[in-house]
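Numbering (the numbering used here), first residue to last: 111 to 364. Cβ coordinates follow ideal geometry from the N, Cα and C atoms, glycine included. Working notes for the structure below.
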Amino acid sequence: MPRWRVVLAAVAIAALPGGCGGDADPGGEDAAIEAAIAAEPTDTAALPGQTDLDVAGPAEGLEAGADTTDPAIDSVAGDTAGLPEPPVLLRVPPGTRVRLTAEIDISTDAYDVGDPVIATVVQDVMDETGETLIPRGTYFLGRVEASASSGGIGEPAILEVAFETLSAWNYERPIESVVVDAPMMLDPEAERARRSGSGRDALRSVPGIIAAGSVIVVQLREAVMVPPVDPLLADTAVAVDTVAAADTVPREQY
Numbered sequence: 111m112p113r114w115r116v117v118l119a120a121v122a123i124a125a126l127p128g129g130c131g132g133d134a135d136p137g138g139e140d141a142a143i144e145a146a147i148a149a150e151p152t153d154t155a156a157l158p159g160q161t162d163l164d165v166a167g168p169a170e171g172l173e174a175g176a177d178t179t180d181p182a183i184d185s186v187a188g189d190t191a192g193l194p195e196p197p198v199l200l201r202v203p204p205g206t207r208v209r210l211t212a213e214i215d216i217s218t219d220a221y222d223v224g225d226p227v228i229a230t231v232v233q234d235v236m237d238e239t240g241e242t243l244i245p246r247g248t249y250f251l252g253r254v255e256a257s258a259s260s261g262g263i264g265e266p267a268i269l270e271v272a273f274e275t276l277s278a279w280n281y282e283r284p285i286e287s288v289v290v291d292a293p294m295m296l297d298p299e300a301e302r303a304r305r306s307g308s309g310r311d312a313l314r315s316v317p318g319i320i321a322a323g324s325v326i327v328v329q330l331r332e333a334v335m336v337p338p339v340d341p342l343l344a345d346t347a348v349a350v351d352t353v354a355a356a357d358t359v360p361r362e363q364y
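This is how it looks when you write it as structure tokens:
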């Protein structure tokens, strides 16, 4: 039976006279109504779909056992897991001397300031343990910094070159270097012609030449980091010039 019917029934009973001919007690009626209301049960059940906000936890809305990891971060970690370790680099210390040679003549007659120059390493550069740092056959790339032929008998020619790049088969490195020895001479044929001529037929200008095959010695001003030489591609031919000179690499802890 619905609760409102129970309340009305209790009120109706309380309104009846107390006896066959007696009057109803007003105080008794009020007491009966209050007792009926107090006896009514309180409905605290949650309505369908209602959420109890007081007991909701901080993770409300997440299902139990839900994965809260970021898939983007996991994918980055997975991509780098299989990458190979970078190779260990070797240090060529400052002060190291490298012996080079040009394959063609470098002359003041053919080269102007800024023209590129290429020379080849003719002797392996090794450290104190015998490990090759710069193998024979590596290129040094540079440019002409000064070029002026001899303008008269007894006047020297000027030819200066500088190397700025170390170029191997699998890498290139910028370098700071200075040429400490570059055997330049006057063009022999032009010098003979100048000395033997006279008057208008005499040559006034004789070019200076760094002849092909002559050794150019370059000294590094700054350290250079290079990868180890691949033993499968290194030149293993035995020759006298593969033995490092005593002053090739200065003694230095590195």
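| query | result |
| --- | --- |
| Does the pairing of the segment 216–225 with the segment 235–249 give three or more beta-carbon distances under 8 Å? | no |
| Under a three-way DSSP split, which group does Glu195 fall into? | coil |
| With a cut-off of 8 Å on the beta carbons, I'd call Met236 and Ala267 a contact; round off their distance for me. | Contact flag wrong, Cβ pair sits at about 35 Å. |
| With a Cβ-Cβ cutoff of 9 Å, do Glu274 and Arg253 count as a contact? | yes |
| Which residue comes first and which comes last in the alpha helix (DSSP H) that contains Arg201? | No alpha helix (DSSP H) holds Arg201; the beta strand (DSSP E) holding it covers Leu200 to Val202. |
| Looking only at C-alpha atoms, which of Gly264, Ser217, Ala292 and Ser259 sits nearest to Arg207? | Ala292 |
| Please report the distance separating the alpha-carbon of Ala212 from that of Val198. | 31 Å |
| If you draw a straight line from the C-alpha of Ser306 to the C-alpha of Asp219, how long is it? | 20 Å |
| From Leu276, Val328, Leu210 and Pro341, pick the residue whose C-alpha is nearest to that of Ala321; which is it? | Leu210 |
| Short of 7 Å in beta carbon distance, which residues of its chain neighbour Arg331, apart from the five on each side in sequence? Order them along the chain. | Pro204, Glu286, Ser287 and Val288 |
| Within the continuous beta strand (DSSP E) that includes Ser277, where are the two ends? | Ile268 to Ser277 |
| For a test of the three-state rule: what should DSSP assign to Ala333, helix, strand or coil? | coil |
| So if DSSP puts Gly252 in a beta bridge, which residue, or which two residues, is it bridged to? | Val227 and Phe273 |
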